[in-house]
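J.:
Residue numbers (the numbering used here): 2 to 518.
1) Please list the terminal residues of the continuous alpha helix (DSSP H) segment that includes residue 224.
2) Three-state secondary structure (DSSP) at residue 234?
3) Quick check on the burial criterion: 16 or more other C-beta atoms within 10 angstroms. Buried or exposed for residue 489?
4) Should the region 215 to 224 be called in touch with the region 237 to 254, which here means at least 3 C-beta pairs below 8 Å?
5) Let me know the secondary structure DSSP gives residue 267 once reduced to three states.
6) Taking only the alpha-carbon atoms, compute the straight-line gap between residue 1 and residue 171 and give it to the nearest angstrom.
7) Quick check on the DSSP output: the alpha helix (DSSP H) that includes residue 328 runs from which residue to which?
8) Roughly how many whole angstroms lie between the Cα atoms of residue 381 and residue 404?
9) Enumerated in chain order, which unbroken segments of the alpha helix (DSSP H) with a length of 4 residues or greater are wholly contained in the region 147 to 205?
10) Is residue 37 helix, strand or coil when you go by DSSP?
11) If distances are taken between C-alpha atoms only, which option among 283, 478, 444 comes closest to residue 129?
12) Can you tell me which of the three DSSP states residue 412 falls into?
13) Since residue 244 contacts residue 231 with CB under 8 Å, what's their CB separation in whole angstroms?
14) Keeping to the same chain, check which residues put their C-beta closer than 7 Å to that of residue 418; ignore five residues upstream and five downstream.
15) Scan the region 392 to 465 and note each continuous alpha helix (DSSP H) run of 4 residues or more that stays entirely inside, going in chain order.
16) Residue 243 by DSSP, collapsed to three states: which one?
17) Are residue 199 and residue 134 touching if we call contact CB-CB under 8 Å?
18) Between residue 478 and residue 304, what straight-line distance do the alpha-carbon atoms span, to the nearest angstrom?
19) In chain order, what residues of the same chain have a beta carbon less than 7 Å from the beta carbon of residue 125, not counting five sequence neighbours either side?
20) From the DSSP output, in three-state form, read off residue 111 for me.
21) Please state whether DSSP places residue 77 in a helix, a strand or coil.
22) I need the boundaries of the alpha helix (DSSP H) containing residue 337, first residue and last residue.
23) Measuring CA to CA, which of 139, 195, 249 is closest to residue 95?
24) For the region 132 to 148 against the region 90 to 105, are there 3 or more C-beta pairs whose distance is under 8 Å?
25) Helix, strand or coil, according to DSSP, for residue 134 in the structure here?
26) Within the same chain, show all residues whose beta-carbon is closer than 7 Å to that of residue 401, passing over the 5 residues directly before and after it, in chain order.
27) In terms of alpha-carbon separation, which member of 123, 197, 246, 225 lies closest to residue 1?
28) From residue 331 to residue 425, what does the alpha carbon distance come to, in whole angstroms?
29) Taking the straight line between their C-alpha atoms, what separation do you get for residue 27 and residue 281?
30) Does DSSP put residue 489 in a helix, in a strand, or in coil?
31) Tell me where the alpha helix (DSSP H) around residue 376 begins and ends.
32) Does the Cβ-Cβ distance between residue 143 and residue 121 come in under 8 Å?
33) Touching or not, the region 71 to 88 and the region 253 to 267, by the rule of three or more beta carbon pairs under 8 Å?
34) Just verifying my parser: in three-state terms, what is the DSSP assignment at residue 89?
35) Quick check: the Cα distance between residue 306 and residue 370, rounded to an integer number of angstroms?
36) Given a cut-off of 8 Å, decide if residue 471 and residue 317 are closer than it, judged by their beta-carbon atoms.
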């Protein structure tokens, strides 16, 4: 039986008195050492979650002090993280295995550039209608089932594509890519959720960055290997053999990872890793509604602004990744392998940026300042990349593309972690899912529009198009109010003395109020 997610704890008997509560079975099930925290909700307790106002009055004469719950970090948390990252990497590789050698697949399947672009954009399109059902599944079945289903779709799609290594089988390869794109919906928003459920507050941002890094690693391999595995040869039978070999390799890896998830991946640790996670687990299921949670998030103005800015930034990254081969080949004909290496440089630099940003957040907790600075540098990097692409020197493109990737891809975990802070105690999976949905929408729009602009006006105009939207995103990021709710909850429980641990009856809204003060 799967456990519930971080927002839905075990049933709590809110009608028990202050003396009866510590002895109740429900109280003991919330979290070891957390037996004295009494949940006393009013009708729906909307004042606890709506917008950014969290200052409500306690019920009765209850003390406004938070008790400490028992917390523990398990060594196996790192294996869970790296296993998930490997699944995400496998899926990320299959997103780009067509686009980075688009000219070869266009000749092999005898299709136009828009058709080959849709092999990448199908990942973005599939995400939009499926994200809400997947978030519901995450809330009701938990992280293990979601990752398991994602790994299964990834494996099935990879095996379908093996049968499409023939010039007349483009519909089959598109169907296989569609199945793999369904897997993306199940894994893309998991990093912040997994980090919060398994990792301590001093490492949660780093863990989220590593989870995001997994997908970026797959994209990096997707830039590097396809040009090597599928050379641009004239003989169609030889080309089909190379394509089939690549498909077999991806299917084998996806199958191995699926088996590992089935037998190894776990739901969550028995004892929560942080005080914030313990408090989130204590929320009774009857007080939590999935749709109400979505509506609360959509009324959270700082989070809405973050949804827009995250979508603009990551949408630009999707467009650059999808169209990179076309941009490089236009100025450097015959350089398919170097186009892949430039893409690899973008992502490797971004992986370094992701790790540095994650470690920086764990040390400083400066979420808005860091997000704004990285966003601004992404805009600068895009301007420099656009200006130097046509100079005729590939080594310059490597440098400018690497600088762009460092900030553009490094932004990904920043957005996830900032969203968790702005929306606590809502589900981390829900906030991440909405961010990614915005990114997919903007990714489709930017990829189609930039592709048309490149075809008609050239690569410079297409990149300027992206710069305009990055400028808008930078300005809007500066308008986001920094309301770090998760940090406030952790600081409050740290402030509570050891003597408070077993003697305090507490209304959660009062906890949040104290944190805000």
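All C-beta atoms, glycine included, are put in the ideal place defined by N, C-alpha and C.
T.: So, from the data block:
1) 205 to 230
2) coil
3) buried
4) no
5) coil
6) Given a span of 2 to 518 for the chain in the structure shown, any question on residue 1 remains unanswerable.
7) 302 to 332
8) 9 Å
9) 171 to 188, 191 to 199
10) Residue placement at residue 37 is poorly supported in this model, since its pLDDT is 34, which falls under 50; the coordinates are not used for a value here.
11) 444
12) helix
13) 6 Å
14) 193, 206, 209, 362, 368
15) 395 to 409, 412 to 424, 429 to 458
16) helix
17) no
18) 11 Å
19) 319, 441, 444, 445
20) coil
21) coil
22) 337 to 365
23) 249
24) no
25) helix
26) 385, 386, 389
27) Nothing in the structure corresponds to residue 1, since the chain is present only between 2 and 518.
28) 47 Å
29) Since pLDDT at residue 27 reaches only 35, below the 50 mark, its modelled position is unreliable, and no value is offered.
30) helix
31) 368 to 389
32) no
33) yes
34) helix
35) 15 Å
36) yes
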